[in-house]
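What follows is a short report on a single structure.
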């Protein structure tokens, strides 16, 4: 995973839930904070036999029936090795009419802890005869498509010799991060690093300002990044420090994984309008419903962009060739958009509001764990309250947070994601945050202008690739969580009760990339040839815990249990059944992943797997 | 008048009204009143698109469109506009250079307009049977889709940036292909006049690439739901 020496370009890849994109910085034409950059148009099938180069690659994979397409209709500008799966715009449009063959939201599946992410499980509702793919495989294909598009456009600068960054949600757990890195390796990315999307958005903003960003933020600022994409919402807090007279952004906190995005909003509106039509006796079939969702998105965008428009017409075209007689006309009103989107997804709640959760029914495991509360502002309130102490130990921030603060006070907000193309929604979030700040007597936060909402993540990733080579501003911060394994406490057993467990810190908060720590004092006996499982926990708030620290008690919000982790000692050179004493090492890799290793006294090491295959 | 006759001609194939209306007579009349058989709506549409591309791509053809007030469809077939009298030094008459355009690009554009805007469906509808409100609803689909196709696949800019109605002056040597003089066209440059239409120019065309085996004549595949 060494950085390529002869790179001509720094490449950034936004591997999104609904769209992917590739951006680049020309290293030879860039100097300091002045960068020459661009977005690669990605050739993709838009219809059978039709190839167009579009700035975004929709993250959809279509698995056609062998008889479905005429031969030669799947040709791309590069050799596809006879692979019949289609990625991109045609996959999306064709999948709309044949959903049983469409893989979508592979990224959300990649971080779904309840499924085996290497198993061929997508599309989840496909019939037997469809050859399914794994979430890992789908992500690999999108990355592969982008690599081939690059090699096709830049034969003089092969992809695997460039500096490459792939983005992930800040909320991804170590397992999902590792799977993303694995997908990149499988796709032929020899030296990709991972970057959190909200950081990428800030990098893009820094790059876009061309140096002026130093006038828009100052030391002591706390920037809240609110990133609401097509399928996920992601929050991060970045504090601005001053070191040796230079401004230095530090990422101090990341939010939880929230499966809630712009697509949910369009779907909510479509169901509203469908109910309205049903009340008038018009029933829509599945095909019309999708056309309606599409129409609702357009209507929503118009109504949210133009504060004076009161209604916007929606026409669901007929499916047959009789366009005029068969089309259904309806409309979306401002009141509906306000009620459902502005107040439904971005309600003006108090700072003490928390997202509603209800116990899940046992059968929901099969699908994606969508957020149960649709209110982005409530998730945001919970995030800021949980992180109230995020800056307490930070140099230059001492004493700024008092015990009267119920949440961390951001002083600037950066928006990202297509949802915020609507000034009304961005303003609603600003107003809500400023209400909270006002109630605690704080200055209102300001909105950072000039963000590029669609391509910021890809652009920021390219800038990060560039900054890693020493070219520009770097955001510091290290790992955003501390990690623990569960160990049984040595309390006497109480009948009918599970023995209480203690949490042993194996990786502290803020490990800088490239650093390795050894768990002191504690040795574990691993049985050769037998997998050993550990319960595994992560925390986004416990910043002080050092490696080796043992927690007896923790608050319900403080530690989140993750998938079990597993260490297996292969039998080579040892006798199965032998017990080997090992120490745990934590390593924050240059590539942006966390690794746990079991190291024997003789120096031999084995990787501890985060992604344990779950047997259903 | 032309529109009416053409409509009657198309209606001969329609099952309605044929008992009472003297259709054969009308058809006969249409044949007598026009020099050649009139093209159907559909073939007119296809002609219009072919002409569009030819006008964009072929300066000589565009000049013909500009010069004869009727349009290219009814233009006399053979004589291309002879360029300004050439010196008699030319040894032999230069053969007229006419370009053949491939139909692929036109078919591709039609495919896009059908897919995004349902244009062929719309053009094939008989508007007489519907209320304006219904037509308006469908027109939104067509308008929105056409606008999307134009935006995604062409960069179209006005030829003249001045506001329509403004007085403008055309200096000598102005580009006669992009500015058309009308009305009292006498004297010599500079010409002063009022801009009545800004004109449009495609500065970029971005049509998709096609696979070698792709059959462009299928403008929209038939759909069969299983």
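Protein chains in written order, with my numbering: chain Y, 1 to 616; chain F, 1001 to 1226. Idealized CB from N, CA, C, for every residue including glycine. Only a predicted model underlies this, so the values are computations on that prediction, with no experimental measurement involved.
Exercise. Within 10 angstroms of its Cβ, does residue 1224(F) collect 16 or more other Cβ (buried), or is it exposed?
Worked result: Residue numbering aside, residue 1224(F) sits at position 224 when the second chain is read from its first letter. With fewer than 16 Cβ atoms within 10 Å of its Cβ, residue 1224(F) is classed as exposed.
Problem set entry | beta strand (DSSP E) segments (min. 3 residues) lying fully within the segment 303-342 of chain Y | 311-316, 328-333
Problem set entry | At least three beta-carbon pairs within less than 8 Å, the segment 50-65 of chain Y to the segment 14-23 of chain Y | With the rule of 3 Cβ pairs closer than 8 Å, the segment 50-65 of chain Y counts as touching the segment 14-23 of chain Y.
Problem set entry | Helix, strand or coil at residue 234(Y) [DSSP, three-state] | As a working mapping, residue 234(Y) is identified with position 234 in the first chain. Looking at residue 234(Y) - three-state DSSP - the assignment turns out to be strand.
For this session: Would you tell me roughly how many angstroms separate the C-alpha atoms of residue 573(Y) and residue 174(Y), rounded to the nearest one?
Result: One-based indexing of the first chain puts residue 573(Y) at position 573. One-based indexing of the first chain puts residue 174(Y) at position 174. Taking the straight line joining both Cα atoms gives about 30 Å.
For this session: Quick one: list the residues of chain F neighbouring residue 73(Y), beta-carbon separation under 9 Å, in chain order.
Result: What you label residue 73(Y) is simply residue 73 of the first chain in a count that begins at 1. Per Cβ cutoff of 9 Å: 1211, 1213, 1214.
Exercise. Residue range of the alpha helix (DSSP H) that residue 1111(F) falls in?
Worked result: Residue numbering aside, residue 1111(F) sits at position 111 when the second chain is read from its first letter. Start and end: 1103-1117.
Exercise. For residue 416(Y), which of helix, strand or coil comes out of DSSP?
Worked result: Taking the first residue of the first chain as 1, we reach residue 416(Y) at position 416. Looking at residue 416(Y) - three-state DSSP - the assignment turns out to be strand.
Problem set entry | Contact the segment 191-206 of chain Y vs the segment 231-250 of chain Y: 3+ CB pairs below 8 Å | yes
Exercise. Relative to the C-alpha of residue 1172(F), which residue among 1113(F), 1166(F), 1192(F) is closest?
Worked result: Position 172 of the second chain, counted from the start, is the residue given in the question as residue 1172(F). The residue with the shortest Cα to Cα distance from residue 1172(F) is 1192(F).
Exercise. What's the call for residue 553(Y), buried or exposed, on a 16-neighbour Cβ count within 10 Å?
Worked result: Counting from one through the first chain, the residue named residue 553(Y) turns up at place 553. Exposed, since its Cβ has fewer than 16 Cβ neighbours within 10 Å.
Problem set entry | Residue(s) in a DSSP beta bridge with residue 9(Y) | Here residue 9(Y) refers to the residue found at position 9 of the first chain. Answer is 26(Y).
Exercise. Do you know whose CA, among 460(Y), 244(Y), 476(Y), 342(Y), lies nearest residue 425(Y)'s CA?
Worked result: The residue given as residue 425(Y) occupies position 425 in the first chain. If we check each option's Cα against that of residue 425(Y), 342(Y) comes out closest.
For this session: List the residues that DSSP assigns as beta-bridge partners of residue 225(Y).
Result: The count along the first chain starts at 1 and reaches residue 225(Y) at position 225. Under DSSP, residue 225(Y) shares a beta bridge with 236(Y), 414(Y).
For this session: State buried or exposed for residue 107(Y), treating a residue as buried only when at least 16 other CB atoms are found within 10 Å of its CB.
Result: As a working note, residue 107(Y) is residue 107 in the first chain. Buried, by the Cβ-count rule.
For this session: For the alpha helix (DSSP H) holding residue 263(Y), just list the boundary residues, first then last.
Result: One-based indexing of the first chain puts residue 263(Y) at position 263. Note, residue 263(Y): alpha helix (DSSP H), 262-279.
For this session: Please confirm if residue 1106(F) has its CB atom under 8 Å from at least one CB of chain Y.
Result: Counting from one through the second chain, the residue named residue 1106(F) turns up at place 106. Closer than 8 Å: no.
Exercise. If you follow the alpha helix (DSSP H) that residue 464(Y) is part of, which residue opens it and which one closes it?
Worked result: Start at 1 with the first residue of the first chain, and residue 464(Y) comes out as number 464. Where residue 464(Y) is concerned, the enclosing alpha helix (DSSP H) stretches over 456-468.
Exercise. If we count the other Cβ atoms within 10 Å of its Cβ and call it buried at 16 or more, is residue 13(Y) buried or exposed?
Worked result: Residue 13(Y) sits at position 13 when you count from the first residue of the first chain. Residue 13(Y) is buried by the Cβ-count criterion.
For this session: Report the rounded CA-to-CA distance for residue 135(Y) versus residue 141(Y), giving the unit in angstroms.
Result: Translated into positions along the first chain, residue 135(Y) becomes position 135. Translated into positions along the first chain, residue 141(Y) becomes position 141. Approximately 10 Å, taken between the alpha carbons.
For this session: Enumerate in chain order the residues of its own chain whose CB-to-CB distance from residue 482(Y) is below 8 Å, with the five nearest sequence positions on each side excluded.
Result: As a working note, residue 482(Y) is residue 482 in the first chain. The residues are 505, 507, 508, 509, 538, 539, 542, 543, 545.
For this session: May I ask you to list the residues that DSSP assigns as paired with residue 628(Y)?
Result: Past the edges of chain Y, shown from 1 to 616, lies residue 628(Y), and the structure says nothing about it.
For this session: Could you name the residues of the same chain whose beta carbon sits closer than 6 Å to that of residue 571(Y), not counting the 5 residues immediately before and after it, in chain order?
Result: The sequence position of residue 571(Y) within the first chain is 571, counting from 1. Same-chain partners within the cutoff: 528, 529.
Exercise. Hey, residue 354(Y) and residue 381(Y) are a contact pair by Cβ (cut 8 Å); roughly how many whole angstroms apart?
Worked result: As a first step, residue 354(Y) must be located in the first chain, where it is residue number 354. As a first step, residue 381(Y) must be located in the first chain, where it is residue number 381. The Cβ separation is near 7 Å, so the contact holds.
Exercise. By the criterion of Cβ-Cβ separation under 8 Å, what are the contact partners of residue 70(Y) in chain F?
Worked result: Start at 1 with the first residue of the first chain, and residue 70(Y) comes out as number 70. Neighbourhood of residue 70(Y) in chain F, by CB distance below 8 Å: 1213, 1215, in chain order.
For this session: For residue 1141(F), decide whether its Cβ has a neighbour in chain Y, counting only Cβ atoms nearer than 8 Å.
Result: Within the second chain, residue 1141(F) is the residue found at index 141, counting from 1. Answer yes: the Cβ-Cβ gap between residue 1141(F) and chain Y drops below 8 Å somewhere.
Exercise. Just checking, does the segment 313-328 of chain Y make contact with the segment 1118-1130 of chain F on the three C-beta pairs under 8 Å criterion?
Worked result: yes
Exercise. Under a Cβ-count criterion, where at least 16 other Cβ atoms within 10 Å of its own Cβ denotes burial, should residue 65(Y) be classed as buried or exposed?
Worked result: Sequence index remark: in the first chain, residue 65(Y) carries index 65 (1-based). Answer is exposed; the Cβ neighbour count stays below 16.
For this session: Output the boundary residues of the beta strand (DSSP E) element that contains residue 1158(F).
Result: As a first step, residue 1158(F) must be located in the second chain, where it is residue number 158. Taken as a continuous stretch (DSSP letters only), the beta strand (DSSP E) holding residue 1158(F) covers 1154-1158.
Exercise. Hey, residue 84(Y) and residue 76(Y): beta-carbon distance below 8 Å or not?
Worked result: Residue 84(Y) sits at position 84 when you count from the first residue of the first chain. Residue 76(Y) sits at position 76 when you count from the first residue of the first chain. Not closer than 8 Å, so no.
Exercise. Would residue 367(Y) be called buried (16 or more neighbouring beta carbons within 10 Å of its own) or exposed?
Worked result: Residue mapping note: residue 367(Y) aligns to position 367 of the first chain, counting from 1. Burial call: exposed.
Exercise. Where do the ends of the beta strand (DSSP E) carrying residue 213(Y) lie?
Worked result: The residue given as residue 213(Y) occupies position 213 in the first chain. Here residue 213(Y) belongs to no beta strand (DSSP E); instead the alpha helix (DSSP H) covers 213-216.
Problem set entry | First and last residue of the uninterrupted beta strand (DSSP E) at residue 524(Y) | To locate residue 524(Y), count along the first chain from 1; it is residue 524. Element bounds for residue 524(Y): 524-527.
Exercise. Could you give the distance in angstroms between the alpha-carbon of residue 131(Y) and the alpha-carbon of residue 63(Y)?
Worked result: Stepping through the first chain from its first residue, residue 131(Y) is reached at position 131. Stepping through the first chain from its first residue, residue 63(Y) is reached at position 63. Cα to Cα, residue 131(Y) sits roughly 8 Å from residue 63(Y).
Problem set entry | Residue of 221(Y), 465(Y), 454(Y), 228(Y) minimising C-alpha distance to residue 397(Y) | Working through the first chain from its first residue, we reach residue 397(Y) at position 397. Cα-wise, what sits closest to residue 397(Y) is 221(Y).
Exercise. So who's on the other strand from residue 206(Y), going by DSSP bridges?
Worked result: For this step, residue 206(Y) is matched to residue 206 along the first chain. DSSP output for residue 206(Y) lists no bridge partner at all.
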